[in-house]
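Whatever position you read off the sequence shown (first residue = 1), add 6 for the working numbering. The C-beta atom is built at its ideal place from N, Cα and C for all residues, glycine as well. Just so it is clear, the structure is predicted and the values come from calculations on it, not from any experiment. Below is one structure, written out as structure tokens, with a few remarks after it.
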Amino acid sequence: STGDFFIDGIRDDAEFYRDLYNIERIEVLKGANGMIFGRGGSGGVVNRVSKQANWDPVREFTFQGGSFNQKRMTADVGYVINDVAAVRLNALYEDVGSFRDGVDMERLGVSPTITIKPTHRTKVIAGMERFHDDRTADRGIPSFLGRPVDVHESRFFGDPKRSNADIDVLSFNAFIEHKFDSGITLQNRTNYTTYDKFYQNIFANSQVFSGLISLGAYNNVTTRDNVFNQTNLLYSLNTGPISHTLMAGIEVGRQETHNQRRNGFFNNDISQVNLRVPISNPVTNAPVDFLTRDTDAHNRSVVNVTSLYIQDQIELLPQLQLIAGVRYDLFEVDFRQRNAGRDHLKTEDDLIAPRFGAIYKPIEPVSFYASYSQAYVPRAGDQLTSLNVTVDTLKPEKFTTLEAGIKWDIHPDLAVTGAVYQLDRTNVITADPNDPTRTFLAKGQRTEGVEISLNGQLTSDWSVMGGYAYQTGEFTSEVPGVAKKGATVGELPRHTFSAWNRYDITPKIGAAVGVIYRGGMFASADNTVRIPDFTRVDAALFAQFTKRFRGQLNIENLFDVNYFASVHNNNNIMPGSPIAIRATLIANF
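Take a look at the structure:
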């Protein structure tokens with residue numbers, strides 16, 4: 007899924023935990039969006055929109071503390087130099103423990119930006135970010151008899167002292183926009199980012215058997231340089247009674263990734279890649295050495311992308327709009343395996359991603375829509391670290407989405423939406439159910455679903471956002487040794503529901519309560535381990551103490567239920583947090 011992460015519309019595809027200290031908003035686009043985003047715009051896109059310097063001065067500081075010794079501080083300071091220039095600085099520091107034994111995290115970030123308006127039609131934004139995240143690598147707990155093993159939520163499997171994930175990110179970005187007298191808007195965005203990541207863990211790699219569990223170990227060093235440039239042209243025009251909103255663009259990019267994996271062996275014995283320990287004491291102090299074997303990744307890959315795209319939103323009638331677009335990607339991969347046989351593979355893909363849609367508004371508050379889209383995810387970067395790389399495995403993954411839906415504006419501040427969709431995937435990367443170091447290719451998957459949501463103001467004091475989704479997914483062909491034809495896609499709950507309600511008791515005091523339900527699901531493609539359903543309730547209080555100070559209290563898992571928050575495979579299952587409380591003070595000057 008890291009292939010679906012973007013920042014300001016530019017790929018941000020290394021595996022690490024992002025922070026939102028310098029983010030204005032998060033855009034979640036559901037369905038294939040390859041026409042706009044290219045590779046990665048497959049089953050959905052998460053795009054973070056960063057904060058920019060502007061002419062609204064801001065001086066906001068937050069201080070947060072809470073359960074598990076959490077300490078967090080952020081600063082957001084914006085200054086107007088004159089009518090032409092403004093600057094802004096966002097900064098973060100956080101240090102926090104965990105309900106998991108021996109697990110902690112420290113992160114810091116700084117992100118300055120400057121905005122210049124040499125004319126009223128031209129805007130130039132330049133910025134950078136330096137971000138560091140250092141945390142314990144925690145893979146959770148294993149399974150027993152087809153369910154997560156029954157242990158305390160805090161128990162760590164492996165060794166937290168020798169399991170860590172560190173990343174340093176350095177990025178520079180620039181954005182130029184000019185609006186011509188003719189109505190044309192020209193935009194250009196450039197981003198250069200370097201990622202330097204080290205990951206090491208000693209973890210459970212088997213189910214519990216006769217009171218024993220098997221541990222494995224490995225580490226991975228990854229460096230990546232990304233350079234992308236996008237140029238967009240926006241123009242609105244009329245051809246007789248028909249109006250058009252045109253967007254055309256070109257994107258060029260280069261990614262270079264170096265990756266080396268070293269497998270761990272225990273007790274100075276090169277043949278002992280697994281260590282059996284009792285479930286009553288699953289933390290080991292046994293010596294571990296790390297070695298790059300012939301079968302481990304030691305790769306260099308260079309990816310060059312050249313893309314052209316165009317879209318037209320056509321208003322045939324006030325009640326009827328059509329959307330048509332197409333994107334062309336030239337995707338070149340140069341892959342070198344440095345150990346063993348020293349494979350050198352080159353591939354070149356010409357990919358065309360179309361998008362068609364229609365919107366019909368029989369009356370002003372109601373809209374119906376239907377859409378068809380395709381997207382591709384060529385292999386690159388992290389996807390090549392655990393595949394047996396061949397010409398066949400380098401073939402791109404293809405996504406085809408059919409969708410129809412409705413939006414009803416009950417009143418200007420409250421909307422109901424509904425959608426039904428079908429997503430077909432071919433040449434799909436599938437995780438090994440029991441080995442997090444390996445993946446396989448499946449010929450096809452199909453996911454179908456229905457979802458509804460309600461968002462907005464029920465009254466002037468009561469706001470709500472929430473939704474329900476029903477999804478089914480299955481393999482349309484067998485993956486030998488992994489999944490049978492018709493098997494359920496892993497990590498796909500059939501039912502999910504969430505709702506968040508906030509009520510402002512007075513202009514200065516508010517309260518909120520929310521509920522999350524996730525149905526049962528299989529941990530992986532072999533459908534042998536089932537993760538139970540759960541319902542979690544959260545709550546919050548808000549207070550405006552003075553004009554400059556406000557505070558809030560958040561309570562997660564109010565009723566302290568036991569649940570499992572996420573899953574990576576049959577034996578890497580992450581327990582959810584017990585009740586946790588966070589208090590935040592926000593100061594504005």
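With a Cβ-Cβ cutoff of 8 Å, do residue i and residue j count as a contact?
{"i": "L351", "j": "D335", "result": "no"}
{"i": "A589", "j": "L559", "result": "yes"}
{"i": "E338", "j": "E321", "result": "no"}
{"i": "V102", "j": "F67", "result": "no"}
{"i": "T237", "j": "I256", "result": "yes"}
{"i": "L498", "j": "M527", "result": "yes"}
{"i": "T290", "j": "L281", "result": "yes"}
{"i": "P584", "j": "D566", "result": "yes"}
{"i": "F137", "j": "V175", "result": "yes"}
{"i": "N39", "j": "A381", "result": "yes"}
{"i": "T125", "j": "A97", "result": "no"}
{"i": "N575", "j": "D438", "result": "yes"}
{"i": "V608", "j": "E403", "result": "The first residue shown for the chain is 7 and the last is 595, placing residue 608 beyond what the model contains."}
{"i": "G217", "j": "I285", "result": "yes"}
{"i": "G152", "j": "V535", "result": "yes"}
{"i": "S313", "j": "F341", "result": "no"}
{"i": "N305", "j": "R344", "result": "yes"}
{"i": "Y224", "j": "G189", "result": "no"}
{"i": "S169", "j": "N207", "result": "yes"}
{"i": "G115", "j": "Y27", "result": "yes"}
Quick one: what's got a C-beta closer than 6 Å to residue i's C-beta in the same chain, skipping five residues either side?
{"i": "S483", "result": "K449, G450, K491"}
{"i": "A364", "result": "L328, A376"}
{"i": "F374", "result": "Y366, I412"}
{"i": "F234", "result": "I16, N197, G259"}
{"i": "Q261", "result": "N232, V309"}
{"i": "D144", "result": "R106, V109"}
{"i": "R5", "result": "Because the chain here runs from 7 to 595, residue 5 falls outside it and cannot be looked at."}
{"i": "P204", "result": "The residue asked about is misnamed: residue 204 is Phe in this sequence, not Pro. These residues qualify, in order along the chain: D172, V227."}
{"i": "V93", "result": "A59, Y85, I120"}
{"i": "I13", "result": "R54"}
I'd like the span of the alpha helix (DSSP H) that includes residue i, first residue to last.
{"i": "I587", "result": "Note, I587: premise wrong, no alpha helix (DSSP H); beta strand (DSSP E) at 586-594."}
{"i": "G40", "result": "40-43"}
From which residue to which residue does the beta strand (DSSP E) around residue i run?
{"i": "A549", "result": "540-550"}
{"i": "K77", "result": "76-86"}
{"i": "Q451", "result": "445-463"}
{"i": "V130", "result": "128-142"}
{"i": "A425", "result": "420-437"}
{"i": "F503", "result": "501-512"}
{"i": "G50", "result": "50-56"}
{"i": "N226", "result": "218-245"}
{"i": "H264", "result": "248-272"}
{"i": "H417", "result": "403-417"}
{"i": "G516", "result": "515-524"}
{"i": "H350", "result": "350-369"}
{"i": "F555", "result": "555-562"}
Comparing C-alpha positions only, which one of the options sits nearest to residue i?
{"i": "T119", "options": "F215, V339, F178, A425", "result": "F178"}
{"i": "G9", "options": "V383, F548, A518", "result": "V383"}
{"i": "E457", "options": "F446, T445, A410, R45", "result": "A410"}
{"i": "S104", "options": "Y241, Y85, P581", "result": "P581"}
{"i": "T432", "options": "T80, K401, I416, N226", "result": "K401"}
{"i": "Y201", "options": "F215, D187, T229, Y224", "result": "T229"}
{"i": "E21", "options": "D139, I208, F405", "result": "D139"}
{"i": "G55", "options": "P63, T512, D25, F446", "result": "Note that residue 55 is Val in the sequence shown here, rather than Gly. Taking only the C-alpha atoms, the option nearest V55 is D25."}
{"i": "T502", "options": "K514, G525, G496", "result": "G525"}
{"i": "G557", "options": "V543, P288, I515", "result": "I515"}
{"i": "Q325", "options": "M111, I369, V283, A359", "result": "I369"}
{"i": "D318", "options": "S249, K553, F548", "result": "S249"}
{"i": "E100", "options": "A91, D89, E112", "result": "E112"}
Please return the same chain residues whose Cβ sits closer than 8 Å to the Cβ of residue i, not counting the five positions on each side in sequence.
{"i": "S504", "result": "G472, G473, G520, V521, I522, Y523"}
{"i": "A489", "result": "T436, A448, F481, A531, D532, N533"}
{"i": "R65", "result": "D82, V83, G84, N594, F595"}
{"i": "Q278", "result": "F271, F272"}
By Cβ distance below 7 Å, which residues in the same chain neighbour residue i in space, the five residues on each side in sequence not counted?
{"i": "R299", "result": "N269"}
{"i": "N577", "result": "P148, S149, A210, N211, S212, Q213, N440"}
Can you confirm whether residue i, when its beta carbon is compared against all beta carbons of chain C, has any partner nearer than 8 Å?
{"i": "K404", "result": "The displayed structure is made up of one protein chain only, and chain C is not part of it."}
Looking at C-beta atoms only, is the number of pairs between the stretch 410-428 and the stretch 452-472 that lie closer than 8 Å three or more?
Contact between the stretch 410-428 and the stretch 452-472 is present, because at least three Cβ pairs lie under 8 Å.
Cβ pair count under 8 Å reaching 3, the stretch 111-129 against the stretch 51-59
yes
Okay, do the stretch 166-181 and the stretch 128-140 touch, 3+ Cβ pairs below 8 Å being the bar?
yes
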